[in-house]
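To start, the structure itself, in structure tokens.
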């Protein structure tokens, strides 16, 4: 038992260190409860927030049982409601002070104002001062635009529109440089995340002062009467384009009830509800010895994988790792 525990611990540690900077799918949060106070999210002004809602008869943003998803990005069955006159709820992430920072999330708006409204910011040291602001503005009855700016810079709007009442993917790249006004912001509208990073962004700016040398928090800012209405989820922050998106192996679809592995006559049969990106599967003994390793593509439905036919009866460990270092572990009984 000690040997098994140690082996599994080693895999868990490897998984933790291989993940991107920050991910939040809200799937472990309590629905119909305030986002503030769940996980590390808070609206406290002396922490990472901008304050509770302050208008009459207002309410703070809640976690809701509403699905968001985007092709090859991910799917989650919970999200955060976006409401007018809400709170400013923030969350910390590991400080980033150089290189490239990618921020992505799925946005589903039902309504927004015809005047530009900030609803999200990335800050460092103080939530009140934003290194990056994200805005929305309504274009017509079915479309809106997303804009980006530094704290005091001009807003630059996406060259492509976003669609109301539809899941939309917003990806922003923040390039940190050593000067006082040379950081660069790029926005990508509904990018194909399985492909390489687009050569040309849909919005680009370096206008304005760089107010922080370190980025360490994200704030959903709903503290105005014209804040957008809808929901957002599947938040991800990473240092590379490739590690930004949610992998199938990192999502709740891969769990005990929806991912079933069985062995019979030299073959492992895997049944799962969602296809994965290419992955490496390694079969281990409980002593941590690698028995076989193979490259696989897990299809939605049933996948059959050939393994040595002379396995002794007992318990084994299946270890899956995709190209973005996301990992998943499953016990396998051989009779």
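In mature numbering (1 follows the signal peptide of the UniProt record, and there is no 0), the protein residues as written are -18 to -1, 1 to 317. Positions of the beta carbon are idealized from the N, C-alpha and C atoms, including for glycine. Fair warning: this is a prediction, and the values are worked out from it, not measured in the lab.
- Distance from the CA of residue 49 to the CA of residue 194, rounded to the nearest whole angstrom, comes to 34 angstroms.
- DSSP places residue 59 in the coil class of the three-state scheme, outside both helix and strand.
- Annotation: residue 209 to residue 94 spans about 7 angstroms, alpha carbon to alpha carbon.
- Between the alpha carbons of residue 112 and residue 200 lies a gap of roughly 9 angstroms.
- Non-local beta-carbon contacts of residue 27 in its own chain, meaning distances under 7 angstroms to residues more than five positions away in sequence, involve 33 in chain order.
- Here the C-alpha atom of residue 275 lies approximately 18 angstroms from the C-alpha atom of residue 246.
- Note on geometry: alpha-carbon atoms of residue 75 and residue 294 lie some 46 angstroms from one another.
- When rounded, the separation of the alpha-carbon atoms in residue 251 and residue 54 is 24 angstroms.
- Residue 132 sits in coil when the DSSP states are folded into three classes, being neither helix nor strand.
- A contact between stretches requires three or more CB pairs, one per stretch, nearer than 8 angstroms, and the stretch 163 to 175 meets this requirement with the stretch 131 to 146.
- Residue 66 sits buried, since 16 or more C-beta atoms from the chains shown fall within 10 Å of its C-beta.
- As DSSP reads the structure, residue 8 sits in no beta bridge.
- DSSP places residue 139 within a strand segment (E or B) once states are collapsed to three.
- The DSSP assignment places complete beta strand (DSSP E) segments of no fewer than 3 residues inside the stretch 93 to 130 at 99 to 106 and 108 to 120, in order along the chain.
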